[in-house]
Amino acid sequence: MKTALIVGMARSGIASARLLHSQGWHLILNDKRGEVPGLAEALCGIPYRSALGEDPATLLYGLDLMVLSPGVSMYQPFVQAAKDSDVEVIGEIELGWRYARGDFLCITGTNGKTTCTTLLGEICKRAGRSTFVLGNIGTPITQFALETKPGDLIVAETAALQLEGNVYFHARAAAVCNITEDHLDRFLTMENYIAAKCRIFANQTPGDFAVLNYDDPIVREMAAKTPARKLCFSRREPVEEGVFLSGEDVLYRYKDREGVLMKAAEVRIPGPHNLENAMLCAAMALTQDIPPETIRETLMSFPGVEHRIELVCERRGVRYINDSKGTNPDSTIKAIAAMDRPTVLLLGGYDKHNSFDELFAAISGSRVKAAVALGATAEKILDAAKKAGFANIAHCAGGFEEAVDMARELAAPGDAVLLSPACASWDMFDNFEQRGEVFKRLVRAFPD
Numbered sequence: 049m050k051t052a053l054i055v056g057m058a059r060s061g062i063a064s065a066r067l068l069h070s071q072g073w074h075l076i077l078n079d080k081r082g083e084v085p086g087l088a089e090a091l092c093g094i095p096y097r098s099a100l101g102e103d104p105a106t107l108l109y110g111l112d113l114m115v116l117s118p119g120v121s122m123y124q125p126f127v128q129a130a131k132d133s134d135v136e137v138i139g140e141i142e143l144g145w146r147y148a149r150g151d152f153l154c155i156t157g158t159n160g161k162t163t164c165t166t167l168l169g170e171i172c173k174r175a176g177r178s179t180f181v182l183g184n185i186g187t188p189i190t191q192f193a194l195e196t197k198p199g200d201l202i203v204a205e206t207a208a209l210q211l212e213g214n215v216y217f218h219a220r221a222a223a224v225c226n227i228t229e230d231h232l233d234r235f236l237t238m239e240n241y242i243a244a245k246c247r248i249f250a251n252q253t254p255g256d257f258a259v260l261n262y263d264d265p266i267v268r269e270m271a272a273k274t275p276a277r278k279l280c281f282s283r284r285e286p287v288e289e290g291v292f293l294s295g296e297d298v299l300y301r302y303k304d305r306e307g308v309l310m311k312a313a314e315v316r317i318p319g320p321h322n323l324e325n326a327m328l329c330a331a332m333a334l335t336q337d338i339p340p341e342t343i344r345e346t347l348m349s350f351p352g353v354e355h356r357i358e359l360v361c362e363r364r365g366v367r368y369i370n371d372s373k374g375t376n377p378d379s380t381i382k383a384i385a386a387m388d389r390p391t392v393l394l395l396g397g398y399d400k401h402n403s404f405d406e407l408f409a410a411i412s413g414s415r416v417k418a419a420v421a422l423g424a425t426a427e428k429i430l431d432a433a434k435k436a437g438f439a440n441i442a443h444c445a446g447g448f449e450e451a452v453d454m455a456r457e458l459a460a461p462g463d464a465v466l467l468s469p470a471c472a473s474w475d476m477f478d479n480f481e482q483r484g485e486v487f488k489r490l491v492r493a494f495p496d
């Protein structure tokens, strides 16, 4: 019996354990935490050796495979020690791919991945295709890999934290939304971060597809990283093949066909960045020969995703908007651009070593009238605001609820309060979803 060590026992680790057990593997489960609440219940009936809290470097003897969850860095010394001991080291999506039977349509980039993955999944389903929406969006690929069959479409959000663990993983179509500074606490340099993103193209062939943001110079240069057929999308200029904006119209060019897909104003989800997301999804759908009419109908009806510029409620004339998924400055810049009224911005959280200078450059001249800084990055945010000359910013030294109350006090009827922290949530919450749910619960309790 072969033995696998799974490092990181959150959702991906649990799904990987279930998959490997079903295929006859002996399991060793490891996490930096000495105790993982709910683990025994989640794996009820599955035998395993618990190595919670132990150093993975001490667990290498007799291993055939090490599976890393996305939160575990490939740069850890124990990973190199495993490789030196001839232990194969892979990530969760590589494991899922090895057992899946459908075609992978993968989306990566810094911002917009979840919206694009959800939207593309909806387009594929509306076209009558058997579709699984998996990956970094919240449902591990390993959870449903064995249920897929040839001809199925697996629409997968693939983050850089996952892609670096790929070996044979093959995307039938791979799209990149955009690239901006993020996760430098993990990758240390932008070069490392970009290289991890480019692994989405690994193992592609000329019969595959790459969909690229022509307006992003870093992404545009990725065309040289894959032999796949290239489609581009652009809000600024026509593209040889793909989807682009011309005046008020969104046009497509593919397989010697050209036509108007729809009016840009007909895309239901708001903001210029969401127009880009819509064009990416349209281009990806074209690669699967999905009719333009089906694409148009979905783009006109898709309401967006939870925690991304999500209107929660209106209380005493103030709109409360949940953009908890704004976990880096560029994402928050895009959320600010979508605001159509004076806005009080809630900023701050876990420090991923991002700079906030470009964020405050964007705030100048925007609809943001005030801000509240909180969390581990509060001092960095205050320094960036001071450097930019943005004075109407308050420091919340207390908890999240206090910060939300401060934002409410700064807002007047006709304003919006926008939670778009530009930071990860891990200093106060388990994930951005939990942060968004707490925000929604708090603001819905405000008096009408």
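Heads up, the sequence shown is in this note's numbering, so the first residue is 49 and it goes up one at a time. Where a beta carbon is used, it is the ideal one built from N, C-alpha and C, also for glycine.
Anticipated Cβ contact below 8 Å, residue i with residue j, distance rounded
i: V143; j: S70; result: Residue identity check: residue 143 is Leu in the sequence provided, not Val. No, L143 and S70 are not in contact; Cβ-Cβ is about 12 Å, not under 8 Å.
i: E205; j: N226; result: No, E205 and N226 are not in contact; Cβ-Cβ is about 14 Å, not under 8 Å.
i: L279; j: E289; result: 5 Å
i: G397; j: A472; result: 6 Å
i: M238; j: V291; result: With a Cβ gap of about 27 Å, M238 and V291 do not count as contacting.
i: V181; j: T166; result: 7 Å
Residue i and residue j closer than 7 Å at C-beta
i: L111; j: L168; result: no
i: A99; j: L107; result: yes
i: A470; j: T380; result: yes
i: N325; j: C172; result: no
i: T335; j: F281; result: no
i: S403; j: R234; result: no
i: G119; j: G61; result: no
i: A464; j: R363; result: no
i: T342; j: A208; result: no
i: A244; j: A193; result: no
i: A436; j: C444; result: no
i: N376; j: D230; result: yes
i: F487; j: L467; result: yes
i: I384; j: S349; result: no
i: D399; j: T228; result: no
i: L211; j: R177; result: no
i: L309; j: R344; result: yes
i: H321; j: K417; result: no
Residue i versus residue j: straight-line alpha-carbon distance, rounded
i: V115; j: T253; result: 26 Å
i: I138; j: G213; result: 5 Å
i: A312; j: L232; result: 35 Å
i: A130; j: G484; result: 38 Å
i: E427; j: A433; result: 10 Å
i: I189; j: G462; result: 43 Å
i: P351; j: I76; result: 42 Å
i: D371; j: D134; result: 44 Å
i: R316; j: V203; result: 21 Å
i: E406; j: T196; result: 43 Å
i: G552; j: A333; result: The structure shown does not extend to residue 552, since the chain spans only 49 to 496, so no value can be given for it.
i: K80; j: L67; result: 22 Å
i: G72; j: A331; result: 40 Å
i: L113; j: E140; result: 12 Å
i: D431; j: I369; result: 25 Å
i: P198; j: I266; result: 34 Å
i: A455; j: I94; result: 48 Å
i: L395; j: F448; result: 11 Å
i: A272; j: L260; result: 11 Å
i: G499; j: K303; result: Past the edges of the chain, shown from 49 to 496, lies residue 499, and the structure says nothing about it.
i: R277; j: A442; result: 50 Å
i: P125; j: T425; result: 28 Å
i: L236; j: P318; result: 33 Å
i: E269; j: P85; result: 44 Å
Residue i CB to nearest heavy atom of the ligand COA below 6 Å
i: G86; result: Absence of the ligand COA is noted for the structure shown, with no ligands found whatsoever.
For this session: Tell me, please, whether the stretch 215 to 233 touches the stretch 154 to 165 by the rule of three or more beta-carbon pairs shorter than 8 Å.
Result: yes
Exercise. For the 8 Å Cβ check, are there 3 or more pairs between the stretch 418 to 428 and the stretch 358 to 373?
Worked result: Output reads no: the stretch 358 to 373 does not touch the stretch 418 to 428.
For this session: Specify whether the stretch 250 to 270 and the stretch 170 to 189 touch according to this definition: at least 3 beta carbon pairs, one from each stretch, less than 8 Å apart.
Result: no
Exercise. Where in the stretch 389 to 453 do unbroken runs of the alpha helix (DSSP H), each at least 4 residues long, occur, reported from the N-terminal end onward?
Worked result: 405 to 411 and 426 to 436
Exercise. Counting only runs that start and end within the stretch 135 to 187, where is the beta strand (DSSP E) found for 3 or more residues in a row?
Worked result: 136 to 139, 151 to 156 and 179 to 183
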